[in-house]
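Please read the structure below before turning to the comments.
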Amino acid sequence: MILPVVMAGGSGSRLWPMSRELNPKQFLALASEKSMLQVTVERLQGLTDLMPLIICNESHRFVAAEQMRQLGLEQSEILLEPVARNTAGAIALAALRARSQGQDPVLLVLAADHLISDGAVFRAAVRDAVALAEAGKLVTFGIQPTAAETGYGYIEKGAVNGAGYEIARFVEKPDRQTAERYLQDGGYLWNSGMFMFKASRYLEEIKHFAPQIHACCEEALAASSEDMHFVRIDAQAFARCPSDSIDYAVMEKTTDAVVVPMNAGWNDIGSWAALWDVADKDEQGNVVSGDVMTTGVSNSYIKSTNRLVAAVGVENLVIVETNDALLVVSKDKVQDVKVIVESLKASQRQEYHCNREVYRPWGSYDAIDQGTRYQVKRITVKPGAKLSVQMHHHRAEHWIVVSGTAKVTNGKETYLVTENQSTYIPIGQVHALENPGKVPLELIEVQSGSYLGEDDIVRFEDIYGRA
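Okay, here's the thing in structure tokens:
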């Protein structure tokens with residue numbers, strides 16, 4: 041019995057400006073029409089009948105839930121980490137959750153932001169690893185190197201063991217000369233960050249090698265609460281958990297680690313250059329997406345999501361345009377994008393934190409314009425969804441319905457507003473907005489007042505537990 045555990049944490053700062061703290065790369069459609077999380081989950085078809093267990097940050101809960109709903113997997117449990125504590129603790133929570141339900145499944149631990157081009161080879165490698173996991177081994181999957189990559193950790197193969205190899209040693213990210221030697225040697229694999237083991241075996245090993253992690257996770261899960269399909273981990277207990285990776289905490293110390301080779305076209309999509317590497321290119325070596333015009337451009341990655349991007353006579357560039365930021369970087373310097381993100385964060389600019397378009401459990405909004413005493417948003421409400429019953433101390437709101445039908449609560453009145461109609465919510469008025477229809481509700485909201493911050497909301501009722 042295989043229980044997939046999909047780790048959907050992380051910020052993906054090297055893929056800014058598409059990837060933001062509130063909407064990181066695992067929730068973005070970067071290499072296909074579906075998000076990387078969705079592609080990861082779909083890759084599991086045919087391997088198991090169990091619903092995947094998703095682990096993500098609490099601030100991403102509604103994005104993760106919506107993407108699972110789109111796949112017809114809304115019954116999947118989502119473990120919510122109140123703070124990030126690396127992979128050792130996250131996987132311990134998953135194993136403890138499985139054991140608390142009286143099960144001891146084989147956990148297949150995957151990252152939500154990896155690209156695998158050959159799903160059949162991936163599934164074959166997983167099936168090969170099951171026997172090793174059932175026998176008590178802690179399996180990691182190693183990727184056959186195709187280049188002298190200095191951005192990945194390596195695993196040196198030891199003696200043959202079933203479908204895999206004993207692990208002679210783990211190697212940190214090497215310099216170029218060492219990576220060239222590993223490539224020529226043939227006895228080394230890239231460390232993919234994918235794992236397989238029985239829940240009980242992982243708990244035995246982490247309790248032995250990292251007892252504080254085990255104890256904190258056990259306490260945090262015991263004090264957890266359930267809200268719909270969310271499992272909310274106790275924040276105080278989990279905050280005391282040491283932050284450590286599974287490699288450092290367990291895999292490099294256990295005597296039962298093995299590696300199973302996987303040659304499935306794996307890429308961890310750690311930068312814009314990695315996306316250029318795996319994408320289809322035109323005759324000039326360009327990868328172009330969106331409203332883009334070029335002349336004399338070669339070997340570049342150009343993505344537009346909102347406006348026309350025109351490029352002339354450049355090469356080896358990454359150009360990424362969003363509705364609130366523009367990135368231009370040499371393709372050989374893409375790892376330094378994280379420096380820009382760190383500067384944005386230090387300056388407390390919102391561009392590191394969120395995109396102009398913000399996702400909510402009921403849908404999304406796009407802040408399309410703002411000034412000193414006004415703000416304009418385009419709001420999308422999903423069919424059957426409802427915003428909280430709320431009021432504002434400092435702003436009034438005008439709603440103009442563009443498409444669909446809105447059910448509006450405005451003080452003691454409740455009424456419908458249809459296409460090309462509008463309504464007005466005065467300052468201090470208790471109100472609510474609902475989509476009673478079967479198609480998305482689109483409306484324009486014009487806010488006016490002395491303070492327009494998102495924290496000027498007093499919630500009285502909320503079906504998503506935010507009141």
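Each residue of the sequence shown is one higher than the one before, starting from 41 at the first, in the numbering used here. Ideal Cβ placement from N, Cα and C applies to all residues, glycine included.
Residue state for Gln110 is assigned as helix, using DSSP reduced to three classes. By the CB criterion at 9 Å, Val354 and Tyr341 fall outside the cutoff. Counting C-beta atoms within 10 angstroms of its own C-beta, Glu114 has fewer than 16 neighbours from the protein chains shown and is therefore classed as exposed. In the three-state reduction of the DSSP assignment, Ile503 falls in the coil class. Annotated as distal: Ile94 and Ala165, with beta-carbon spacing of 9 Å or more. Contact between Ala239 and Asp144 holds, with the beta-carbon distance rounding to 5 Å and staying under 8 Å. Looking at the backbone, the Cα of Glu121 and that of Ser53 are separated by about 19 Å. About 34 Å separates the beta carbons of Val161 and Tyr399, which is beyond the 8 Å limit, so they are not a contact pair. Excluding its 5 nearest sequence neighbours in each direction, Val327 has C-beta neighbours in its own chain below 6 Å: Trp316, Ala319, Lys321 and Tyr341, listed in chain order.
Annotation: His248 is outside any beta strand (DSSP E); the continuous alpha helix (DSSP H) that includes it extends over Ala239 to Phe249. In this structure, the beta-carbon distance from Leu133 to Ile309 does not fall below 9 Å. Non-local C-beta neighbours of Asp215 in its own chain, meaning closer than 8 Å and more than five positions away in sequence, comprise Thr190, ordered along the chain. Per DSSP, Arg347 lies in no beta strand (DSSP E) segment and is marked neither H nor E. Across the structure, Arg221 and Leu357 are spaced so that their CA atoms are roughly 30 Å apart. For Gly489, the enclosing beta strand (DSSP E) has its first and last residue at Leu481 to Gly489. Here DSSP, grouped into helix, strand and coil, assigns Met76 to helix. Membership of Ser329 in the beta strand (DSSP E) is indicated by the continuous run Val327 to Ser329. A distance below 8 Å between beta-carbons, with the five flanking residues on each side excluded, links Cys394 to the following residues of its chain, in chain order: Arg60, Glu61, Leu62 and Asn63. Scanning Ser383, His254, Ile195 and Glu266 for the CA closest to the CA of Gly505 turns up Glu266.
Residue burial is scored here from C-beta neighbours: Pro251 has fewer than 16 other C-beta atoms within 10 angstroms and is therefore classed as exposed. With fewer than 16 other Cβ atoms from the protein chains shown falling within 10 Å of its own Cβ, Ser72 counts as exposed. DSSP places Cys281 outside both helix and strand once states are collapsed to three, so it counts as coil. Note that the C-beta distance between Thr449 and Val457 is not below 9 Å. Under the rule that a run must span 4 or more residues, the alpha helix (DSSP H) segments found entirely inside the stretch 363–438 read 377–386. For Ser232 against Ile183, the beta-carbon gap comes to about 5 Å, under 8 Å, which counts as contact.
Taking a cut-off of 8 Å for Cβ pairs, the stretch 427–434 and the stretch 407–414 do not touch, as fewer than three such pairs fall below it. Counting other Cβ atoms within 10 Å of its Cβ, Tyr392 reaches 16 or more and is therefore classed as buried. With distances taken between CA atoms, Gln390 lies nearest to Gly493 out of His438, Ala263, Phe237 and Gly493.
Here the alpha carbon of Trp230 sits roughly 24 Å from the alpha carbon of Leu87.
In the structure shown, Tyr192 falls within a coil segment according to DSSP collapsed to helix, strand and coil. Beta-bridge pairing by DSSP links Val200 to Tyr205.
In the DSSP annotation of this structure, the continuous segment of the alpha helix (DSSP H) that includes Asn126 starts and ends at Asn126 to Ser140. Distances from the alpha-carbon of Val470 to those of Leu90, Leu483, Val45 and Gly451 put Gly451 closest. Per DSSP, Thr218 is one residue of the alpha helix (DSSP H) stretching across Arg216 to Asp225. In this structure, DSSP gives Asp267 an extended state, which the three-state scheme calls strand. With fewer than 16 other Cβ atoms inside 10 Å of its own Cβ, Ala124 counts as exposed.
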